[in-house]
Amino acid sequence: MIPIEYYLVLGAILFAIGAYGAMTKSNAIVVLMCIELMLNAANINFVAFGAFTTDIMGQVFVIMSISVAAAEVAVGIAILLNAYKMRKTTELDDEQLRTLRW
Amino acid sequence: MDIPILSLLIVVPLIGAIATLFMGGEKQKYAKVVAGVFSAITLVLALLVLFADDMGALAESYAWIQTSAIAISFTLAVDGLSVLMVFLTALLVLLVVILSAEEEDRPNYFHALLLAMEVGLMGVYMAADYFLFYVMWEVTLIPMYFMISWYGGPRRHYAAIKFFIYTHVASLVMLIGIFAMAFEAAQITGTGVVDFAFSVINPAIAGASEMFQVLVFALLFFGFAVKMPVVPFHTWLPDAHTEAPTGGSVLLAGVMLKMGSYGIIRICLEALPLGAEYWQWVVIAIALLSIVYGAYGCIAQTDLKKMVAFSSISHMGMVMLGIGCLSEAGVTFAIFQMFAHGLITAILFMVCGMTGHKVGTREIPLLGGLAGRMPMYALFMMIGFMASLGLPGLVGFWGEFPVIFAFYEFVIANDALWLILFCLLSLMLTAGYYLWAMQRTLFGPETTKIDLTHAHDVSKTEGIALAVLVVLVAFFGVWPDAALSFIEPYVSALANMGVVI
Amino acid sequence: MFIEYTWLVPLVPMICFLLIGLIGRKTPEKGGYFAIAGALISFVIAALISYEYLTGDTYPNPVVESIQWFVIPGSTDFVINLGYYVDGLTCLMMLFASFISTLIFIYSIGYMGDQGERKNRYYAEVSLFLTGMLGLVVSSNFLEMFIFWEVMGLCSYLLIGFWSFRHPEGDAASANAASAAKKAFLVTRLGDVCLMAGLFILLGEFHSLDYSTLFDPANIAAVDSDMLTLAMFLIFGGVIGKSAQFPLHDWLPDAMAGPTTVSSLIHAATMVKAGVYLVARGYPLFIQNAEVMLFVGVIGGVTAFIAATMALNNMNIKKVLAYSTISQLGYMILALGAGGYLVALGMGMEGAEGAALITAGSAGMVAGCFHMMNHAFFKALLFMCSGSVIHAVGTEDMREMGGLGKHMKITSLTMLIGSLSIAGFPFFSGFWSKDLVLEIAMEAGHDGTVWFTVMWILAIITAFMTAFYMFRMWFMTFMGEEGHATQHCHGESPKTMTFPLIVLAVLAFGSGFLILFGLDAMVSFTVTPDAFIVGGGEAGGFHHFEHIFTSPYTYLTIVLALVGIGIAYLMYAKKTMNPGAFNKDGESWLYKALTKRWWFPDLYNQISWKLGYGVARGVNFIDRQIVDGTVNGLSGAVVGGGDALSKVQSGHVQDYSSIVLLGISVISVLFIVIAKVMGGI
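As structure tokens, then:
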């Protein structure tokens, strides 16, 4: 059996990559993708701990999390698309998008 | 009498303020009439109080916020100390309304602010509950802030914010002191109810430890000293006066500064006599510093109004000196000086404020020889200056001579006779800066640095306001007993309490 | 029956002041007739009071009536009263003050006739002034006196500055008047502040300022004598200011910027006498310490001398008179000081020797008051004559006059009488009183200290200089060849002006004879164990006559006066003697020192600029930079700190999330560390 540390390390690496991307990338789509990465890192941890403790709740939460993530991406992409339609860019640092801010 | 006359003193101007506030648009030219009527009614009420047979019987008390833990009441009372200030407030507000009859810029707001200020001032001078006192104290602040920032000069925003924050910080410190007193009193009485009434706290605090009194005195004194103001907490005053409109300056110097000295006597002396004794030398040092520093400050000023503002610091230092003597004579004439300074400084600010819109500038080096073109203006200015420099026969002298005499008695008793030299120096300096200012503005060759073709003399309404003050200045100068007869019973009551010797 | 109306004496001019101020503008002469009527009524009342008092039963005890004015509370209350105090000195003062005022107001109708609307202000101010003077004289306590003292100071300020704006001679003259008025007020204010300090001490020691309490020997004995001495020094400070004594004398010459009538009334005949009056009034207190009296006498003598030197080479007719006023005031103060010194010495001795000294010393009071009255007449006369001249020729510079005697007969004659009087020509009024002054100074030198001998020598030299400069003035003005201003002369002044001149000339000649008819009894000073009494002494009568003309020193002064007149005649009328020969044509050091008034104006300026404006500039700098700087710095620090912190709010979600992540990481690490340390996990 693969020891649980391997899963946790994978999750941690995935999370770190996601966090790095979410904080540094300027393209909104990439940021969204990175957020997905972080979510998935959490999912891996869920599944791993679920299997490790033979608790079904882990997998239940993963399903839950994936569906929430899907909804979130849908909303996020929708906002981005609208923003793109109006300002012709998805660059977060771009003046066009920054002025959306209140 | 069944009419709640003290409450009316607050309610009438309040109604007036609300009424004038909503007189926008077409109706705004009647705002001054409405304000005049309401302030005249207030003055009549104040006179009724002044000539009441038994002032103590006028006291009123209504429950305001009463829970099982705290008791705040709407308690009003007058005595010899407050009644003069109430009269002065009512008088000056009416005179400012008369003086400002030609105010063109949003007169409804202007008059509403004046009356709102009157509400606060009346409240401060009549409150017999610490919480009410504090609330009213803050109420005066807001109209003054708007008065400066809406109707002021070019640097009005700076001045208004400086005024507001400076005095507000001071009053927060004072609030801490008030809370400390209220909670300490609740602990001493052991009722478990934090009652803010003077009648509950003052007797209780008398039993508090000296350390407590000393600390709380310092907190409250700071709050009041900034308002008075004394050196080194004075810098908001010249700025506020330079920028404030004439009417605002008159009220600010005439009655608002007196809130500080009133608070020191009413609270610091009445409730915290041990603290007063502990800090006596500090109070005197600050007073002497203010007197001399203020006088020197005047000499260097080039703006007439700023000069008068500095002279207020010097003269309020005289009030502080009288209080600091902690003797019957000192406190009596400190109160008299408060009253006298209120009358005189009103003349000074009216005249100096006028200079700005009559000849276009208040800068002394640009003026000269105005007496030829504006004789009435010159006459009033001279009477004001002469009264302020303590010419005997006018009211200012009776604020100065006996206070310095009280201080003389104090220094003799303490073997520090040389301290009197500061007072004498200030008398010399005061004469110096006023005469020098007169020489450069009223006399000498007529100035060519500014265009005087549109300069006009004091108008009829302004003349009435000034003449009333001049008559009072002369009346109380010849017959100081008219005011002293109110003060003396109050101070002898203080003496019976052992607050002053 | 009249004495109880003494309060009317100052009140009548006060009412006139109000009337002139309120309705004077609409009356002929802009209220001038009110002023004359007021002064005249005051004079009549004063005369009735004096007659009743001097012939009454209470004489020489003072008549005092007062009401309580107000109270300064204390362990023992300090009661301040308001009332009147009538004794011989009061009568003398109020009589000559109201009489001269009446004459000068009449004169003003002519002199100020061309001033238009300004006359209203003039008459109001002089009426107020008269209130001050008469109030000062009848006051029953020091504080009340001080109030009138300052009212006079105010009027003096206003009247010196009468032309301080829109001067008929242009801007420079208005600036000069404005500056002179300020100087007069401030310099006298310095004295007044001293006086006020003296009053604090008296009030503190006696718990009252009433003359009747203060002059009671029992009360005086009860107080701290050191404090009393200090108080009298300080009160004399007030005298130095008001009566223009050295070193505060320099305002008086500048005060000549006012109308000549004002110089005549205020700066010669009445107000400047207030200081002398104060010394005479406070005699019971002043004589408690001989040192004080020595100081008074020395100041008087030095003033008389210094002022006379400055008159020697002045070209301005009014300034010569101003210096001579200071000089004569010095004489009065010297007389009071010398006499008081002897009295003070006498009070310290027992028996007949002490009594003799006191008797000798009380002549000082007589001499001082007598000279005060005579000087009031002849100096008012001289000033009004100079006013008449100025009115006619339109200049004050004597070099432009000359030869006016032909054009202005009355003026020149009356002025000659005044000049003879002040020079001490025998039988003229100045002769009598000046001789008494010199005599008392010499006596004080003889029986007291050598200082008074020095003062006597100064006074003798002054007498010579007085004769010289007065006649220099008279010859330069009325004799010799006609100056170019004389050629435009309007001729003799109108009757309203010459009438007072003639009346005063009669008095300037004759008032000295009053001493032979009992005037000395009216202002004599008697010390008894339980009172100090002014008036009621034994009248010397013709004894004075005999005494004066048997003394060799009298002839010395007469000779000196004649020599002075003679030199002036040779220099300025006959012109056989060239004044330039004595001063290297104006180049000598002494001449320059005199022109620069011994550098007193420079000294005043230096002091006021350094101590006043210099310090003020420093204070202002501290105020702006340090005190207000701290306030602004504090608020700046708060605002700046807020600004700095607000930079964190960049608006980037990514920045925020980074910070959140960082925070979480730090917290997690901390948790683990803490857990490890605590020994958990």
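Chains as they are written, first to last, in the working numbering: chain D, 264 to 365; chain A, 110 to 610; chain R, 862 to 1542. Heads up, the beta-carbon is just placed ideally off N, CA and C, and yes, glycines get one too. Values in this document were obtained by computation on a predicted structure and should not be read as measured data.
Delimiting residues of the beta strand (DSSP E) encompassing residue i
| i | result |
| --- | --- |
| W173 of chain A | E169 to Q175 |
| A1392 of chain R | A1392 to V1395 |
| S1025 of chain R | That residue, S1025 of chain R, is in no beta strand (DSSP E); it is neither H nor E in DSSP. |
| A1389 of chain R | A quick correction: the sequence has Thr, not Ala, at residue 1389 of chain R. F1386 to T1389 is the extent of the beta strand (DSSP E) around T1389 of chain R. |
Cβ neighbour criterion (16 or more within 10 Å) applied to residue i
| i | result |
| --- | --- |
| W1024 of chain R | buried |
| F1403 of chain R | exposed |
| A334 of chain D | exposed |
| Q1510 of chain R | exposed |
| N605 of chain A | exposed |
| N345 of chain D | exposed |
| F1286 of chain R | buried |
| M110 of chain A | Its pLDDT being 49, under 50, M110 of chain A is placed unreliably by the model, and the measurement read from it follows with that caveat. By the neighbour-count rule (16 or more Cβ atoms within 10 Å), M110 of chain A is not buried but exposed. |
| Q296 of chain A | exposed |
Residue i, enclosing alpha helix (DSSP H) - first and last residue
| i | result |
| --- | --- |
| Y946 of chain R | No alpha helix (DSSP H) contains Y946 of chain R, which is instead part of the beta strand (DSSP E) from F939 to V947. |
| W930 of chain R | Not the alpha helix (DSSP H): W930 of chain R falls in the beta strand (DSSP E), residues V924 to I933. |
| L901 of chain R | G893 to T916 |
| L1126 of chain R | Premise fails: L1126 of chain R is in no alpha helix (DSSP H) and is neither H nor E. |
| S1294 of chain R | S1290 to D1308 |
| V121 of chain A | I114 to L130 |
| Q1486 of chain R | Counting along the chain, Q1486 of chain R falls outside any alpha helix (DSSP H), and DSSP gives it neither H nor E. |
| T470 of chain A | Counting along the chain, T470 of chain A falls outside any alpha helix (DSSP H), and DSSP gives it neither H nor E. |
| F333 of chain A | E319 to K336 |
| V520 of chain A | V504 to A522 |
| Q389 of chain A | P382 to A409 |
Residues sharing a beta bridge with residue i, DSSP
| i | result |
| --- | --- |
| A341 of chain D | BP columns for A341 of chain D are empty, so no partner. |
| F183 of chain A | A:Y171 |
| S436 of chain A | Partner(s): none; S436 of chain A has no beta bridge. |
| N1177 of chain R | R:D1258 |
| S1000 of chain R | R:Y945 |
| V303 of chain A | A:I179 |
| S1069 of chain R | R:V940 |
| G238 of chain A | First, the residue type needs correcting, since residue 238 of chain A is Asp and not Gly in the sequence shown. Paired residues: A:A306. |
| E354 of chain D | D:N290 |
| D412 of chain A | A:E472 |
Contacts around residue i, its chain only, beta-carbon distance under 6 angstroms, and the 5 residues preceding and following it disregarded
| i | result |
| --- | --- |
| V428 of chain A | S370, A443, Q446 and M447 |
| F1289 of chain R | L1281, S1282 and F1370 |
| T168 of chain A | Position check: residue 168 of chain A holds Ala in this sequence, whereas Thr was assumed. Only A186 meet the Cβ criterion. |
Cutoff 8 angstroms; reference residue i; Cβ partners in own chain excluding five residues on either side
| i | result |
| --- | --- |
| I285 of chain A | L328 |
| F585 of chain A | F448, A449, L452, V504, W507, A591 and A592 |
Cβ-based neighbour list, residue i, same chain, cut-off 7 angstroms, excluding 5 preceding and 5 following
| i | result |
| --- | --- |
| L538 of chain A | A404, Y405 and I408 |
| V143 of chain A | G125, A128, T129 and M132 |
| F1107 of chain R | I1160, V1163, T1164 and I1167 |
| D357 of chain D | none |
| V1534 of chain R | none |
CB contact check: residue i to chain B, cutoff 8 angstroms
| i | result |
| --- | --- |
| W527 of chain A | Here chain B cannot be found, since the structure's protein chains are D, A and R. |
Practice problem: Below 7 angstroms between beta carbons is the criterion; list the residues of the region 1513–1539 of chain R that meet it against any residue of chain D, in chain order. | Solution: Interface annotation for the region 1513–1539 of chain R against chain D: Q1515, S1518, S1519 and L1522, criterion Cβ-Cβ distance under 7 angstroms.
Note to self: To be precise: take each residue of the region 417–444 of chain A, compare its Cβ to all Cβ atoms of chain R, and keep it if any distance is under 8 angstroms. Which residues remain?
What the structure shows: S436, E437, A438, T441 and F442
When you check each C-beta in the region 1021–1044 of chain R against every C-beta of chain A, which residues fall closer than 7 angstroms?
Within the region 1021–1044 of chain R, the residues whose Cβ lies closer than 7 angstroms to some Cβ of chain A are G1022, S1025, F1026, R1027, D1032, S1035, A1036, A1039, S1040 and K1043, listed in chain order.
Quiz item: What residues in the region 990–1017 of chain R have a beta carbon less than 7 angstroms from any beta carbon of chain A?
Solution: Listed in sequence order: F1007, I1008, E1011, V1012 and L1015.
Residues, ordered as in the chain, of the region 273–287 of chain D that lie near chain R by beta-carbon distance below 9 angstroms
A282, A285, M286 and T287: these are the residues of the region 273–287 of chain D whose beta carbon lies less than 9 angstroms from some beta carbon of chain R, given in chain order.
Could you list the residues in the region 1336–1357 of chain R with a C-beta less than 8 angstroms from some C-beta on chain A, going in chain order? none
Taking only beta carbons into account, state which residues of the region 478–506 of chain A come closer than 7 angstroms to chain R, listed in chain order. Those would be G478, A480, G481, M495, L500, P501 and G502, in chain order.
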